[in-house]
Amino acid sequence: MVKPSAPQVLHRHVSIRRSGRVLRNVLAQSLISDIKRGRLRKDDEISADEKKWVRLDQHSQLASYFPTKTSSSSVGLPSDIEKRLSELSQMLKDLS
Numbered sequence: 004m005v006k007p008s009a010p011q012v013l014h015r016h017v018s019i020r021r022s023g024r025v026l027r028n029v030l031a032q033s034l035i036s037d038i039k040r041g042r043l044r045k046d047d048e049i050s051a052d053e054k055k056w057v058r059l060d061q062h063s064q065l066a067s068y069f070p071t072k073t074s075s076s077s078v079g080l081p082s083d084i085e086k087r088l089s090e091l092s093q094m095l096k097d098l099s
């Protein structure tokens, strides 16, 4: 089994922007550990040149470190949905 390799670091240092404040010269190698420790948030932005900014949760290499909420298929459905579907199923069987 092949062990997945860590993402290749293209830039040694990057800038992080949060709420309009810019933190410069952040070591790129520390980004993943900072995300895991909660120091960086999904809505923080990253840039190598401070011209183009990308949210961390939308960055191609970092997005996977931010879990996405899975929407439950039963959200917003009545609590007795299974009973209703069962009754409907039985009515359809009776009609056929």
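If you're matching positions, the sequence shown starts at 4 in this note's numbering and goes up one per residue.
Note that the Cβ used here is the ideal one computed from N, Cα and C, for glycine as well.
All values reported here derive from a predicted model rather than from experimental measurement.
Pairwise C-alpha distance: residue j and residue i
i          : j          : result
residue 29 : residue 71 : 25 Å
residue 58 : residue 49 : 6 Å
residue 52 : residue 85 : 54 Å
residue 66 : residue 40 : 15 Å
residue 55 : residue 43 : 18 Å
residue 38 : residue 95 : 52 Å
residue 99 : residue 89 : 16 Å
residue 97 : residue 91 : 10 Å
For residue i, the first and last residue of its enclosing beta strand (DSSP E)
i          : result
residue 3  : One cannot answer for residue 3 here, as it falls past the ends of the chain, which runs 4 to 99.
residue 50 : 48-50
Proximal residues to residue i (C-beta, below 8 Å), its chain only, five neighbours per side dropped
i          : result
residue 81 : 87
residue 62 : 49
Close-in-space but distant-in-sequence residues of the same chain around residue i (CB under 7 Å, 5 per side omitted)
i          : result
residue 35 : 68
residue 15 : 31
Check whether residue i and residue j have beta carbons under 8 Å apart
i          : j          : result
residue 27 : residue 33 : no
residue 24 : residue 47 : no
Contacts around residue i, its chain only, beta-carbon distance under 6 Å, and the 5 residues preceding and following it disregarded
i          : result
residue 79 : none
residue 60 : 45, 66, 69
N-terminal and C-terminal residue of the alpha helix (DSSP H) that residue i is part of
i          : result
residue 21 : Here residue 21 belongs to no alpha helix (DSSP H); instead the beta strand (DSSP E) covers 16-21.
residue 37 : 34-39
residue 97 : 84-98
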